[in-house]
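So in my numbering the end of the sequence shown lands on 153, straight run, no missing numbers. Ideal Cβ placement from N, Cα and C applies to all residues, glycine included. Note sheet for the following structure.
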Amino acid sequence: MRDIREDLRQRLQSIALQRGELQARMEWLDKAEAHVRGLMEYEKYQVQTQQEPLFSQDQLPAEGERTAIAQFLREALADGRSRTLEELKKSAAVRDVNFEGKNPGRVLHFALLGMAQSGVVAMVNKGVWQINTERPVENDASQEIRDSPLRPM
């Protein structure tokens, strides 16, 4: 009869190795669970302290239309002079622009950022804005991209 004690020792070593791997995996899962629970607590806090959106769904303009805020900003900057956010806030107060209880500076700031992304206005200094007189010129390549059936929607 063959002595299988060496085989059994190897099997015990293999079991011990697997147990160690499983324990390490359990420790990792415990940490991952704690992180996810922490994220859930953070999200719960965020939801409780979340600011209301700048515009309600019924305030959003239809495609191609401008918001009242954007229209005000276009008119306020139409003369080409640069203006600070404070000047724009004062002008909005004089024109009785309705911010629906929201912080006027915040609403104007984010509207200006959106208009800057589309090239309508430009920030000439920190907190200083003016109408963009150097709007990007269309070139054939940008037209080809826009007309391409492969372009992202």
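Just how far apart, CA to CA, sit residue i and residue j?
| i | j | result |
| --- | --- | --- |
| G101 | V107 | 10 Å |
| E41 | F110 | 29 Å |
| R9 | A16 | 10 Å |
| A141 | G20 | With a pLDDT of only 46 at A141, under the threshold of 50, the placement of this residue in the model should not be trusted; the figure read from the coordinates follows. Those two C-alpha atoms are separated by around 60 Å. |
| V36 | Q51 | 24 Å |
| F99 | R25 | 54 Å |
| E33 | E43 | 15 Å |
| N132 | T84 | 15 Å |
| E6 | S14 | 12 Å |
| K31 | Q23 | 12 Å |
| M153 | L39 | With a pLDDT of only 48 at M153, under the threshold of 50, the placement of this residue in the model should not be trusted; the figure read from the coordinates follows. Using only the alpha carbons, I get a separation of about 32 Å. |
| L12 | L29 | 25 Å |
| T49 | A78 | 38 Å |
Please check the pair residue i and residue j, which I expect to be a contact at CB under 8 Å, by giving their CB distance rounded to whole angstroms.
| i | j | result |
| --- | --- | --- |
| L82 | V120 | Note on residue identity: the sequence assigns Ser, not Leu, to residue 82. No, S82 and V120 are not in contact; Cβ-Cβ is about 14 Å, not under 8 Å. |
| L112 | L73 | 7 Å |
| V97 | A68 | 7 Å |
Output yes or no for whether 7 Å exceeds the beta carbon distance between residue i and residue j.
| i | j | result |
| --- | --- | --- |
| Q130 | V124 | yes |
| L88 | A76 | yes |
| P104 | A122 | no |
By alpha-carbon positions, which one of the options ends up nearest to residue i?
| i | options | result |
| --- | --- | --- |
| M115 | Q18, R66, R2 and D3 | R66 |
| E86 | M1, Q48 and K126 | K126 |
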